[in-house]
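This report refers to the structure that appears directly beneath it.
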Amino acid sequence: MVRATARHLLVSSREHCESLKSQIESGADFADIARQHSSCPSGSQGGELGAFGPGMMVREFDEVVFSAPLNVVQGPVKTQFGYHLLEVTSRC
């Protein structure tokens with residue numbers, strides 16, 4: 000089974016998510032931004048989610064994680080929880 004590792008951050012609005020993505024694309028550290036802004040408990044670990052397989056996350060998240068290029072910030076991705084930025088760090 001394919002497994003991936005990823006990190007993400009979660010905020011409540013698309014606008015906030017887009018603003019954070021711009022900061023990261025301009026050189027801000029993803030982990031620092033996640034620690035400062037993410038409402039997900041993983042934010043305290045810089046957004047690290049560890050390893051997981053297909054179907055372990057919500058559908059919208061899975062679709063991106065198992066198709067996006069590695070180490071490229073994706074999003075905003077809207078789920079029932081809010082708006083995510085995510086970065087796939089490995090897939091095997």
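In terms of numbering that gives the first Met the number 0, the sequence shown is residues 0 to 91. Beta carbons: idealized from backbone N, C-alpha and C, even for Gly.
Alpha-carbon spacing of residue i relative to residue j, whole angstroms
i	j	result
residue 6	residue 28	12 Å
residue 41	residue 48	7 Å
residue 22	residue 54	30 Å
residue 20	residue 86	11 Å
residue 80	residue 51	19 Å
Buried versus exposed, by CB contacts within 10 Å (16 or more), residue i
i	result
residue 0	exposed
residue 56	buried
residue 26	exposed
residue 16	buried
residue 69	exposed
Sub-8 Å separation of residue i and residue j beta-carbons
i	j	result
residue 60	residue 76	yes
residue 37	residue 8	yes
residue 18	residue 82	no
residue 4	residue 66	no
residue 45	residue 58	no
Three-state class that DSSP yields for residue i in the structure shown
i	result
residue 53	coil
residue 13	helix
residue 71	coil
residue 1	coil
residue 89	strand
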